[in-house]
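Position 128 (the sequence shown) corresponds to 151 in the numbering used here; numbering is contiguous.
Virtual Cβ for every residue (Gly too), placed ideally from N, Cα, C.
Take a look at the structure below.
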Amino acid sequence: MTEYKNLPEKYPPFIKVFQKSLPWAVLIFLSLEAYNYYTNDARNAITLLVIFMVVYALSYNRGEKRQKQIFYSYRLTVEHDTLTRHQSNLPDISLSLNKIVRVAQLNDDFLLVTGPEKDDKIVIWPYVENFDDIRALLESYCPVTPVNYKNIFQLYPILLPFVMLLAFALAYISNNKIVVGVSALVAAVYIGWIFYKTRTSKLVDTGTKRWAWVMLVFLFFMALTVYQKLVS
Numbered sequence: 024m025t026e027y028k029n030l031p032e033k034y035p036p037f038i039k040v041f042q043k044s045l046p047w048a049v050l051i052f053l054s055l056e057a058y059n060y061y062t063n064d065a066r067n068a069i070t071l072l073v074i075f076m077v078v079y080a081l082s083y084n085r086g087e088k089r090q091k092q093i094f095y096s097y098r099l100t101v102e103h104d105t106l107t108r109h110q111s112n113l114p115d116i117s118l119s120l121n122k123i124v125r126v127a128q129l130n131d132d133f134l135l136v137t138g139p140e141k142d143d144k145i146v147i148w149p150y151v152e153n154f155d156d157i158r159a160l161l162e163s164y165c166p167v168t169p170v171n172y173k174n175i176f177q178l179y180p181i182l183l184p185f186v187m188l189l190a191f192a193l194a195y196i197s198n199n200k201i202v203v204g205v206s207a208l209v210a211a212v213y214i215g216w217i218f219y220k221t222r223t224s225k226l227v228d229t230g231t232k233r234w235a236w237v238m239l240v241f242l243f244f245m246a247l248t249v250y251q252k253l254v255s
């Protein structure tokens, strides 16, 4: 059996992916808070800001620890023409190398190995040791092909959550009922889709799946806010 683990020196670029998404959330929230401060109740805005900073600090610390655990628990094994991915809080996934349907080249040199069944998917991280050897092994069974992105959201994944945050912001600050309703609908559909994909994916760890329920709580309070604005 041959085993491959992530290289410790590759941890900084790995954790950067997690850190890049955080400033957007902070920027959107602070913008909403500034609007709320100058147009409504300043005391309420300050209270929400304090709560957000505490929750943000705790969530960031927890998230960084989880990312570190995920990184160092990730490993691949090859035994008897079978590729297996092991990772903390995730079930092992094994694929027969002889039954690989596709090996796709994703952004940032990630490889997505797909088997005959719907859930037969293994993501090969570029942080793993001897990555070129793994790629060569896969190519001996199936050619590596680049992913043809069908739309701008697939080409630039950051755009979709940005559009969602913008929709939420418009639903929160706009006084136009049509804008509020459409923006809230866009945000609700996106949150529902993310919740479904998170809960059903074998590529998402159990801790993240538990936290996905927070999305529904967020959706509930957003619906209350939008309802109050629409009936007022």
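At which residues does the beta strand (DSSP E) containing Tyr-213 begin and terminate?
Position 190 of the sequence shown, counted from the start, is the residue given in the question as residue 213. Here Tyr-213 belongs to no beta strand (DSSP E); instead the alpha helix (DSSP H) covers 200-223.
For Lys-122, the nearest candidate out of Lys-252, Val-136, Leu-242, Val-151 (CA to CA)
To locate residue 122, count along the sequence shown from 1; it is residue 99. Considering only alpha carbons, the answer is Val-136.
Can you give the Cα-Cα distance for Arg-108 and Phe-191, rounded to whole angstroms?
Position 85 of the sequence shown, counted from the first residue, corresponds to residue 108. Position 168 of the sequence shown, counted from the first residue, corresponds to residue 191. Rounded to the nearest angstrom, the two C-alpha atoms are 37 Å apart.
Keeping to the same chain, check which residues put their C-beta closer than 7 Å to that of Glu-152; ignore five residues upstream and five downstream.
Position 129 of the sequence shown, counting from 1, holds the residue named residue 152. Same-chain partners within the cutoff: Tyr-27, Lys-28, Leu-30.
Do Ser-119 and Thr-100 have their CB atoms nearer than 8 Å?
Start at 1 with the first residue of the sequence shown, and residue 119 comes out as number 96. Start at 1 with the first residue of the sequence shown, and residue 100 comes out as number 77. Their beta carbons are not under 8 Å apart, which means Ser-119 does not touch Thr-100 by this criterion.
Using the DSSP secondary-structure output, state which residues sit across from Thr-168 in a beta bridge.
The count along the sequence shown starts at 1 and reaches residue 168 at position 145. Bridge partners of Thr-168: Ala-127.
Nearest CA to the CA of Leu-188: which residue from Leu-208, Pro-36, Pro-35?
Residue mapping note: residue 188 aligns to position 165 of the sequence shown, counting from 1. Of the listed residues, the one whose Cα sits closest to Leu-188 is Leu-208.
Taking just the CA atoms, how far does Ser-224 sit from His-103?
To locate residue 103, count along the sequence shown from 1; it is residue 80. To locate residue 224, count along the sequence shown from 1; it is residue 201. Their Cα atoms are separated by approximately 27 Å.
Measure the C-alpha to C-alpha separation of Gln-90 and Ser-255 and round it to an integer number of angstroms.
Indexing the sequence shown from 1 puts residue 90 at position 67. Indexing the sequence shown from 1 puts residue 255 at position 232. Rounded to whole angstroms, Gln-90 and Ser-255 show a C-alpha spacing of 44 Å.
Mind pulling the beta strand (DSSP E) runs of 3 or more residues that sit fully within the segment 103-150?
Whole beta strand (DSSP E) segments, 3+ residues: 105-109, 116-119, 125-128, 134-137, 144-147.
Residue range of the beta strand (DSSP E) that includes Glu-26
To locate residue 26, count along the sequence shown from 1; it is residue 3. Counting along the chain, the beta strand (DSSP E) containing Glu-26 begins and ends at 25-28.
Just list the residues that DSSP pairs Thr-100 with in beta bridges.
Taking the sequence shown and counting its residues from 1, the one referred to as residue 100 is at position 77. According to DSSP, Thr-100 shares a beta bridge with Glu-26, Thr-107.
Just confirm the distance between the C-beta atoms of Val-126 and Pro-139, as a whole number of angstroms; I'd bet it's less than 8 Å.
In the sequence shown, residue 126 corresponds to position 103, counting from 1. In the sequence shown, residue 139 corresponds to position 116, counting from 1. Contact between Val-126 and Pro-139 is ruled out by a C-beta separation of about 14 Å, above the 8 Å threshold.
Go through its chain and collect everything with a Cβ distance to Trp-148's Cβ below 7 Å, but skip five positions before and after it.
For the purposes of this step, residue 148 is identified with residue 125 of the sequence shown, where counting begins at 1. Only Asn-29, Tyr-97, Phe-133 meet the Cβ criterion.
Output needed for Gly-204: all residues of its chain with C-beta closer than 6 Å, excluding positions within five of it in sequence on either side, in chain order.
For the purposes of this step, residue 204 is identified with residue 181 of the sequence shown, where counting begins at 1. Excluding the 5 residues flanking it on each side, Gly-204 has no same chain C-beta neighbour closer than 6 Å.
Give me the Cα-Cα distance between Leu-239 and Ala-211, rounded to the nearest whole angstrom.
As a working mapping, residue 239 is identified with position 216 in the sequence shown. As a working mapping, residue 211 is identified with position 188 in the sequence shown. Going by the C-alpha atoms only, they are around 9 Å apart.
If you reduce the DSSP assignment to three classes, tell me which class Glu-32 lands in.
Locating residue 32 in the sequence shown gives position 9, counting from the first residue. It is helical.
Just how far apart, CA to CA, sit Lys-141 and Gly-215?
As a working note, residue 141 is residue 118 in the sequence shown. As a working note, residue 215 is residue 192 in the sequence shown. Across the structure, Lys-141 and Gly-215 are spaced so that their CA atoms are roughly 21 Å apart.
Let me know if Tyr-219 comes out buried or exposed under the rule of 16 or more other beta-carbons within 10 Å of its beta-carbon.
For this step, residue 219 is matched to residue 196 along the sequence shown. Answer is exposed; the Cβ neighbour count stays below 16.
Hey, could you find the ends of the alpha helix (DSSP H) Ala-235 is sitting in?
The count along the sequence shown starts at 1 and reaches residue 235 at position 212. From DSSP, Ala-235 is part of no alpha helix (DSSP H); its letter is neither H nor E.
Span of the alpha helix (DSSP H) around Glu-152
For this step, residue 152 is matched to residue 129 along the sequence shown. Per DSSP, Glu-152 is not a residue of any alpha helix (DSSP H), being assigned neither H nor E.
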